[in-house]
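Student:
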Amino acid sequence: MRLHHIALLVAVFVSAVSGTTTTTSLSTTGSQRDATTTRFLRINAAQDDEERAITTGFGFVDDIMQHIELTGWLKDSKRADEVISLLKLDDAGADIFKNPKWKVWVKYVTMLEKSDVDESMASALTYHFGGDKLATMLAAAQKSPSTAVKDIATKLETAQLNRWLTTASTPENIFTVLKLDKGADILFDSAALATWTSYLKLFNDKFPKKKTTMLRTFTKNYGEDGLIKLFVSAENANTPAATKFKNEVVEGWLDSMVYPSSIFKSLELDKAGDGLLTSPLLASWVQYMEAFNKNFPREKTTMIENFTKGYGDEKLASMLQVAKKASGTEELAKNLQIAQFKTWMLAGKTPDDIYKTVLKVESNTGTKADVWRAYYKAYVDEFPGKLFSFS
Numbered sequence: 428m429r430l431h432h433i434a435l436l437v438a439v440f441v442s443a444v445s446g447t448t449t450t451t452s453l454s455t456t457g458s459q460r461d462a463t464t465t466r467f468l469r470i471n472a473a474q475d476d477e478e479r480a481i482t483t484g485f486g487f488v489d490d491i492m493q494h495i496e497l498t499g500w501l502k503d504s505k506r507a508d509e510v511i512s513l514l515k516l517d518d519a520g521a522d523i524f525k526n527p528k529w530k531v532w533v534k535y536v537t538m539l540e541k542s543d544v545d546e547s548m549a550s551a552l553t554y555h556f557g558g559d560k561l562a563t564m565l566a567a568a569q570k571s572p573s574t575a576v577k578d579i580a581t582k583l584e585t586a587q588l589n590r591w592l593t594t595a596s597t598p599e600n601i602f603t604v605l606k607l608d609k610g611a612d613i614l615f616d617s618a619a620l621a622t623w624t625s626y627l628k629l630f631n632d633k634f635p636k637k638k639t640t641m642l643r644t645f646t647k648n649y650g651e652d653g654l655i656k657l658f659v660s661a662e663n664a665n666t667p668a669a670t671k672f673k674n675e676v677v678e679g680w681l682d683s684m685v686y687p688s689s690i691f692k693s694l695e696l697d698k699a700g701d702g703l704l705t706s707p708l709l710a711s712w713v714q715y716m717e718a719f720n721k722n723f724p725r726e727k728t729t730m731i732e733n734f735t736k737g738y739g740d741e742k743l744a745s746m747l748q749v750a751k752k753a754s755g756t757e758e759l760a761k762n763l764q765i766a767q768f769k770t771w772m773l774a775g776k777t778p779d780d781i782y783k784t785v786l787k788v789e790s791n792t793g794t795k796a797d798v799w800r801a802y803y804k805a806y807v808d809e810f811p812g813k814l815f816s817f818s
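The structure is reproduced here in structure tokens:
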């Protein structure tokens, strides 16, 4: 077989050289010097033609070698994913689509599969690299400055989604295929999650009776406790998938009428201490509280009510007093302190009560003393003319 291949290559080479070395006869009239020059030019022209023939011949050789190799793999029933390794494309990453051997692989898949070539390629790539890694490769390729590479990546992603849809694979199954059930820490920065959310929409549109949600899938894989951790993680991610996840979680809490005080504790905002007002989770919690109040007006609650429940009057009063002096939280802390003071006044607490039983002031200096003086002033402004007895 090897001798046959060599003979074939030599025949192609000789044919290519012979067909390109014919030269046109030059005029022999003129001086001997002209004749010598003419012969010299003819010799060089012939040599140039031979060099071009050699180059052209090698191009043919490469094509024939490639065809023989592909035909051999086809005869040996090599799977498309196996040929990825045979072509040494394993470590190409997103650059695989720019690698010259990529076209060779595509040609082999085309020879192997006469129809649904794109889906066959997507299937082989998923099997070989894994759904999660392929998603990352495609996402990187879609950011390539090369339009051709972008088109390949988009085409393959579409083929991958269509293949899953054709086999009616559930979003839960694809969640596992993409290994999203094992990457909580980097989940919302994962290219695989973007792929999964795209598939979720396609699946729900095609199979409305089997419709599912992101929240249901995440809860099934991570549990209620894990869901809270993911919510915290989503706060630090600026992606459409993270936003969608947070929205679905909030909707789920509202559907179950989960009280803001419970979420406050679940998000561990009751342990944030002096960092409460700067916590990135606080804004999301406030949004939830506002949505809860709108949906359940009879159960309406306030920030100061929940903060007090989480920290108690004494601790919260000191936290707000400190936050009033901090850049970035000054305005919010002032408003919350006003709300706290009004709560005390509505409860009939005098400055004397606050001094002795709430703050338990032991010194005329320090944070607690500053809070008491602020309350004393607010109380006098609210109830002018009243006399107090402090002991």
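Numbered by our numbering, the letters in the sequence shown go through residues 428 to 818 in order.
Virtual Cβ for every residue (Gly too), placed ideally from N, Cα, C.
Everything numeric in this text was worked out from a predicted model, so none of it was measured.
Between the beta-carbon of L627 and the beta-carbon of S617, is there less than 9 Å?
Tutor: no
Student: Under 9 Å between the Cβ atoms of M730 and M746?
Tutor: In this structure, the beta-carbon distance from M730 to M746 does not fall below 9 Å.
Student: Can you give the beta carbon distance from A838 to A521, rounded, assuming they're within the 8 Å contact cut?
Tutor: No statement about residue 838 is possible, as the shown extent of the chain runs from 428 to 818 and does not include it.
Student: Check for me: the alpha helix (DSSP H) holding G610 runs from which residue to which?
Tutor: That residue, G610, is in no alpha helix (DSSP H); it is neither H nor E in DSSP.
Student: How would you call M684, buried or exposed, if buried means at least 16 neighbouring beta carbons within 10 angstroms?
Tutor: exposed
Student: Alpha carbon to alpha carbon, how far is D797 from K751?
Tutor: 11 Å
Student: Can you tell me whether V807 is buried or exposed, with buried defined as 16 or more other CB within 10 angstroms of its CB?
Tutor: Around the CB of V807, fewer than 16 other CB atoms lie within 10 Å, so the residue is classed as exposed.
Student: Where does T831 sit, in a helix, a strand or coil, going by DSSP?
Tutor: Because residue 831 is not part of the residues shown, which for the chain are 428 to 818, the question remains open.
Student: Whether or not the segment 528 to 540 and the segment 499 to 518 are in contact is what I'm after, with contact meaning three or more pairs of Cβ atoms, one per stretch, closer than 8 Å; do they touch?
Tutor: yes
Student: Given a threshold of 16 other Cβ atoms within 10 Å of its Cβ, counted over all protein chains shown, does D740 qualify as buried or as exposed?
Tutor: buried
Student: In angstroms, rounded to a whole number, what distance separates the CA positions of A718 and K769?
Tutor: When rounded, the distance between both Cα atoms is 24 Å.
Student: Just checking my contact of G737 with L696 at CB under 8 Å: how many whole Å lie between their CB atoms?
Tutor: Rounded to the nearest angstrom, the Cβ distance from G737 to L696 is 7 Å, consistent with a contact under 8 Å.
Student: Would T585 and D545 be called neighbours here (beta carbons separated by less than 9 Å)?
Tutor: yes
Student: In the DSSP assignment, the alpha helix (DSSP H) including T537 goes from what residue to what residue?
Tutor: 527 to 539
Student: Does the Cβ of N663 have 16 or more other Cβ atoms within 10 Å, making it buried, or fewer, making it exposed?
Tutor: exposed
Student: What three-state label does DSSP hand G558 in the structure shown?
Tutor: helix
Student: Which one of L561, K505, D559, H555 has the shortest CA to CA distance from Y535?
Tutor: K505
Student: For P724, which of T735, I781, A699, P687 has the nearest alpha-carbon?
Tutor: P687
Student: Would you check if the distance between the CB atom of L605 and the CB atom of V659 is smaller than 9 Å?
Tutor: no
Student: Hey, would you say V785 sits closer than 9 Å to W771, going by beta carbons?
Tutor: yes
Student: Can you tell me which of the three DSSP states M564 falls into?
Tutor: In the structure shown, M564 sits in a helix (DSSP, three-state: H, G or I).
Student: Residues in its own chain within less than 7 Å of F691 by CB, not counting five upstream and five downstream?
Tutor: D697, W712, N733, G737
Student: Counting only beta-carbon atoms, is K656 nearer than 9 Å to chain D?
Tutor: The structure shown has no chain D; it contains just one protein chain.
Student: Cα separation between D578 and L565?
Tutor: 10 Å
Student: Please return the same chain residues whose Cβ sits closer than 7 Å to the Cβ of T415, not counting the five positions on each side in sequence.
Tutor: Residue 415 cannot be examined here, being either before or after the span of the chain that is shown, 428 to 818.
Student: Rounded to whole angstroms, what is the Cα-Cα separation between I601 and W623?
Tutor: 7 Å
Student: Buried or exposed: which applies to Q587, given that a residue is buried once 16 or more other Cβ atoms fall within 10 Å of its Cβ?
Tutor: Answer is buried; the Cβ neighbour count reaches 16.
Student: Which of helix, strand or coil does DSSP assign to A462?
Tutor: For A462, the predicted model reports a pLDDT of 41, less than 50, meaning its position is unreliable; a value from the coordinates is still stated below. In this structure, A462 counts as helix in the three-state DSSP scheme.
Student: Span of the alpha helix (DSSP H) holding D740?
Tutor: 740 to 750
Student: Could you check which residue in D682, K570, P598, F645 has the C-alpha nearest to that of K637?
Tutor: Checked all of D682, K570, P598, F645; the closest Cα to K637 is P598.
Student: Could you give the distance in angstroms between the alpha-carbon of K560 and the alpha-carbon of W680?
Tutor: 33 Å
Student: Where does P778 land, buried or exposed, given buried means 16+ other C-beta within 10 angstroms?
Tutor: Answer is buried; the Cβ neighbour count reaches 16.
Student: Is the beta carbon of A621 sitting closer than 9 Å to the one on A549?
Tutor: no
Student: Judging by CA-CA distance, which residue of L657, D503, K582, G558 is the nearest neighbour of F524?
Tutor: Cα-wise, what sits closest to F524 is K582.
Student: Quick one: what does DSSP say L763 is sitting in, helix, strand or coil?
Tutor: helix
Student: If you follow the alpha helix (DSSP H) that A615 is in, where does it begin and where does it stop?
Tutor: One detail in the question is off: residue 615 reads as Phe in this sequence, not Ala. First-last for F615: undefined, no H or E at that position.
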